[in-house]
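The sequence shown: position 10 = 175 (my numbering), numbered continuously.
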Amino acid sequence: MDNIIKGKAWIYGSDIDTDVIIPGKYLRTKDMQVFADHAMEGIDPEFSKKVQTGDIIVAADNFGCGSSREQAALALKYAGVGCVIAKSFGRIFFRNAINVGLPLMEADVKCNEGDEVEIDLLQGTVTVNDNVFQGNKLPDFLLEMLTEGGLVAHRKAQKNKQ
166 MDNIIKGKAW IYGSDIDTDV IIPGKYLRTK DMQVFADHAM EGIDPEFSKK VQTGDIIVAA
226 DNFGCGSSRE QAALALKYAG VGCVIAKSFG RIFFRNAINV GLPLMEADVK CNEGDEVEID
286 LLQGTVTVND NVFQGNKLPD FLLEMLTEGG LVAHRKAQKN KQ
């Protein structure tokens, strides 16, 4: 994972719950392509057809609230989402995203759908149209986990170092 992420903005509001990120009827599979094909279907049925690898979701408050389904973070990751920016996250979604290697940033970003967004994970900044927004920089241990691809990859890397 790169510490600089660039992509097109997809704008969503507050209280985007895990049920709309990946509807429950798709949870019986372990096929990541199924998750990717139905990402955000509950709020934007065409999202998976439109999103490009590296694109950025920009949301308001409480993104990923609701159930503890890890599949919500997996759906976004495998759909190609490069990062999710929100004013705040559901805490379980936040941890699930880190665990599966999906970058997140808490920041209050003003932009329009389709704007080019640049995220600097090391600095905790988001740049849109020459406007720089300061976000909450992730702690170094979470950045390391993301860089290594998530919790499982991180634990394997730690084990190999020993």
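All residues carry an ideal CB built from backbone N, CA and C; glycine is no exception.
Starting from the C-beta of residue i, find all residues in its chain whose C-beta is less than 8 angstroms away, skip the five residues before and the five after it, and write them out in chain order.
| i | result |
| --- | --- |
| GLU309 | HIS319 |
| ASP220 | GLY172, LYS173, ALA174, TRP175, GLY245, VAL246 and GLY247 |
In angstroms, rounded to a whole number, what distance separates the CA positions of residue i and residue j?
| i | j | result |
| --- | --- | --- |
| ASP295 | LYS275 | 12 angstroms |
| ALA322 | LEU316 | 10 angstroms |
| VAL297 | ILE186 | 28 angstroms |
| ARG256 | ARG193 | 24 angstroms |
Which residues in the same chain as residue i place their Cβ atom closer than 7 angstroms to its Cβ, once the five residues preceding and following it in sequence are excluded?
| i | result |
| --- | --- |
| MET197 | LEU239 and TYR243 |
| TYR191 | VAL199, PHE200 and HIS203 |
Going by alpha carbons, who is nearest to residue i out of the options?
| i | options | result |
| --- | --- | --- |
| SER232 | LEU287, THR183 and THR290 | THR183 |
| VAL223 | GLN236, LEU307, THR292 and LYS324 | THR292 |
| LYS195 | ALA237, GLY178 and ALA251 | ALA237 |
| ILE208 | GLY300, GLU271, PHE228 and ASP305 | PHE228 |
Identify the continuous beta strand (DSSP E) that holds residue i and give its terminal residues.
| i | result |
| --- | --- |
| ASN296 | 296-299 |
CB residue i to CB residue j, shorter than 8 angstroms?
| i | j | result |
| --- | --- | --- |
| GLU313 | VAL265 | no |
| LEU267 | LEU241 | yes |
If you follow the alpha helix (DSSP H) that residue i is in, where does it begin and where does it stop?
| i | result |
| --- | --- |
| GLU309 | 305-312 |
Beta-carbon within less than 6 angstroms of residue i's beta-carbon, same chain only, minus the 5 sequence neighbours each way: which residues are those?
| i | result |
| --- | --- |
| ALA225 | GLY178, SER179 and LYS252 |
| ALA272 | ILE250, VAL291, PHE298 and GLY300 |
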